[in-house]
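Student:
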Amino acid sequence: MAEQMQWANALSTRPSLEAAVTDVVEQAVSSLAAPADLGLVFISSAFASEYSRLLPLLAEKLSVPVMIGCSGLGVIGTTASGEPQELEAEPAISLTLGHLPGVNLQVFHVLAEELPDLDSSPDAWIDVIGVKPSPAPQFILLSSAFSSKINDLLQGLDFAYPGSVIIGGQASSAGSGGQLALFCHDASSEGLHQGLYRQGTVGLALSGNIVLETIVAQGCRPIGEPMQVTKAERNIILELDEKVPLVVLRDLIGGLSEQERMLAQHSLFVGIVMDQFKLSLQQGDFLIRSILGVDPSVGAIAIGDIIRPGQRLQFQLRDAEASAEDLELLLEQYQNQQLSQPSATAAFMFSCVGRGQGLYGKSNFDSELFRRYVHDIPIGGFFCNGEIGPVSGSTFVHGYTSVFGICRQLSAE
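In short: position in the sequence shown from 1, add 581, done, that's this note's numbering.
(1) Since THR795 sits in a beta bridge, which residues does DSSP pair it with?
(2) Does the Cβ-Cβ distance between ALA905 and ILE958 come in under 8 Å?
(3) For ASN590, does the count of other Cβ atoms within 10 angstroms reach 16, so buried, or fall short, so exposed?
(4) Report, in whole angstroms, the separation of the C-beta atoms of LEU639 and VAL622, which I expect to be a contact under 8 Å.
(5) Which partner residues does THR976 have in the DSSP bridge list?
(6) Mapping DSSP to helix, strand and coil, what is VAL1016?
(7) Nearest to GLY935 by CA position, among LEU696, TYR954, ILE624 and GLN799, is which residue?
(8) Can you tell me whether VAL647 is helix, strand or coil according to DSSP?
(9) Can you tell me the Cα-Cα spacing of ILE869 and SER745, whole angstroms?
(10) For the candidate residues GLN809, PHE929 and GLN751, whose alpha-carbon lies nearest to that of GLN666?
(11) Which residues share a DSSP beta bridge with PHE689?
(12) Rounded to whole angstroms, what's the CA-CA distance from GLY961 to LEU678? Just pull it up for me.
(13) Exposed or buried, what is PRO616 when buried is set at 16 or more other beta-carbons lying within 10 Å of its beta-carbon?
(14) Would you kindly report the start and end of the unbroken alpha helix (DSSP H) that includes VAL602?
(15) Relative to the alpha-carbon of ALA762, which residue among VAL647, HIS690, LEU898 and SER848 has its alpha-carbon at the smallest distance?
(16) What is the DSSP secondary structure of ASN966, counted as helix, strand or coil?
(17) Pairs of beta-carbons, one from the stretch 881-896 and one from the stretch 835-852, closer than 8 Å: are there three or more?
(18) Could you pull the DSSP bridge partners for ALA928 from this structure?
(19) Kindly list the residues whose CB is nearer than 7 Å to the CB of VAL709, restricted to its own chain and excluding five residues on each side of it in sequence; keep chain order.
Structure representation (structure tokens):
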């Protein structure tokens with residue numbers, strides 16, 4: 582039994598931090614038949630005044646060599662009966678423990694000012710991170726939402742660790758001025774990566790007998806047809822198919838149903854096509870980005886990313902129905918690809934604070950839909966202020982997205 586990868590998750594909604602920590606440790610440890618090598622802990626922002634006490638309390642009750650975690654406006658976990666649960670805006674802790682034979686674990690904490698320039702060599706990034714590029718590690722990143730230069734970090738990791746999967750999220754809090762917390766414990770690091778951080782990014786690299794597969798549900802559906810950007814400056818689209826972008830957009834909206842036109846007033850996005858050679862496009866082929874504004878004088882549209890002439894894009898709408906359809910489609914694709922693989926053993930869910938009850942009008946929607954396709958495994962995670970996951974082989978920070986990381990053993994032995 583001990584040779585097999587094992588995972589357990591526990592949730593507690595006890596309002597006392599001591600009681601909640603005791604609760605999750607006892608539940609999670611009793612669910613494992615072997616000692617834990619790794620812990621991931623997510624704590625709701627209802628405990629913001631007590632973040633500094635979390636790791637010491639865990640250390641009293643739990644001996645685990647490596648642990649990372651962060652704060653979230655809500656946390657996600659698995660009940661004692663095996664049901665996924667998304668707990669938003671209430672005191673809660675989610676603890677995931679893993680017994681991971683044949684898996685090498687490394688943690689790191691990096692601040693924005695420590696990151697190399699984007700034109701630096703891969704070796705410069707490897708030196709800062711401290712993780713060897715071979716065998717290809719899988720990364721889980723937990724980042725402070727502000728001033729972490731997370732986009733630069735993701736570009737650097739993609740460059741220095743080709744073939745690695747990177748998932749995670751940005752810590753979230755109640756209100757714009759709320760406290761954020763990142764947690765990191767490494768028993769082997771002699772205090773190098775220990776304790777509570779307020780800034781930067783905490784990372785976990787997993788290599789060896791583990792596969793991390795991803796589902797990145799951006800929650801949109803395309804409208805109209807794909808178009809080519811024929812003139813652009815940085816994040817400003819100046820021409821689409823050699824036409825004025827705002828005119829193109831008005832014509833498109835004019836052809837929508839009344840319900841879609843109302844939706845377009847507040848839930849209109851652009852999807853940048855990631856593979857310029859792919860002709861038949863579907864969900865998962867786009868990187869969804871916000872529309873930041875328009876300039877009526879020249880008919881230009883500003884979006885939340887750099888755009889280059891020659892790229893294709895398609896306008897998108899997002900609502901609860903589109904989000905549900907998008908996730909279900911991606912889950913069906915994932916299920917169809919997994920028929921001959923070793924079974925999934927655990928999952929992590931990093932979901933936007935703009936999803937959950939606020940989007941669907943009910944709790945546990947994404948996690949319950951996930952469980953219908955990927956059965957009987959523990960799931961843990963939190964509600965993020967930006968979700969980290971790959972689209973077409975490159976890693977991005979997303980909004981209004983649910984990113985799932987699914988763990989299984991590389992081999993069946």
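The beta-carbon is built from N, C-alpha and C at its ideal position, and this holds for glycine as well.
Just so you know, these numbers come straight off a predicted model, no measurement behind them.
Tutor: This is what the structure gives:
(1) Position 214 of the sequence shown, counted from the first residue, corresponds to residue 795. DSSP lists GLY986 as partners of THR795.
(2) Translated into the one-based positions of the sequence shown, residue 905 becomes position 324. Translated into the one-based positions of the sequence shown, residue 958 becomes position 377. Judged by beta-carbon spacing, ILE958 lies beyond the 8 Å limit of ALA905, meaning their Cβ atoms are not closer than that value.
(3) For the purposes of this step, residue 590 is taken as residue 9 along the sequence shown, with counting starting at 1. ASN590 sits buried, since 16 or more C-beta atoms from the chains shown fall within 10 Å of its C-beta.
(4) Taking the first residue of the sequence shown as 1, we reach residue 639 at position 58. Taking the first residue of the sequence shown as 1, we reach residue 622 at position 41. Between LEU639 and VAL622 a beta carbon distance of about 7 Å is seen, short of the 8 Å cut, so the two are scored as contacting.
(5) Along the sequence shown, one-based indexing puts residue 976 at 395. DSSP lists PRO971 as partners of THR976.
(6) There is no way to answer for residue 1016, as the model of the chain reaches only from 582 to 994.
(7) Counting from 1 along the sequence shown, the entry for residue 935 is found at position 354. Comparing Cα positions, the closest option is GLN799.
(8) Your numbering for residue 647 matches position 66 in the sequence shown. In this structure, DSSP gives VAL647 an extended state, which the three-state scheme calls strand.
(9) In the sequence shown, counting from the first residue as 1, residue 869 sits at position 288. In the sequence shown, counting from the first residue as 1, residue 745 sits at position 164. Counting only the Cα atoms, SER745 lies some 22 Å from ILE869.
(10) For the purposes of this step, residue 666 is identified with residue 85 of the sequence shown, where counting begins at 1. Of GLN809, PHE929 and GLN751, the residue nearest in Cα terms is PHE929.
(11) One-based indexing of the sequence shown puts residue 689 at position 108. Residue pairing by DSSP places PHE689 opposite GLY784 in a beta bridge.
(12) In the sequence shown, residue 961 corresponds to position 380, counting from 1. In the sequence shown, residue 678 corresponds to position 97, counting from 1. Rounded to the nearest angstrom, the two C-alpha atoms are 10 Å apart.
(13) The residue given as residue 616 occupies position 35 in the sequence shown. Answer is exposed; the Cβ neighbour count stays below 16.
(14) Position 21 of the sequence shown holds residue 602. That run of the alpha helix (DSSP H) goes 598-612.
(15) Your numbering for residue 762 matches position 181 in the sequence shown. The shortest C-alpha separation from ALA762 is found at HIS690.
(16) Here residue 966 refers to the residue found at position 385 when the sequence shown is read from its first residue. Residue state, collapsed to three classes: coil.
(17) Yes: the two stretches touch, three or more of their Cβ pairs being nearer than 8 Å.
(18) On the sequence shown, position 347 is the one that residue 928 refers to. Paired residue(s): ILE960 and ILE987.
(19) Your numbering for residue 709 matches position 128 in the sequence shown. Excluding residues within five positions, the ones whose Cβ falls inside 7 Å are VAL691, GLU695, LEU696 and PRO697.
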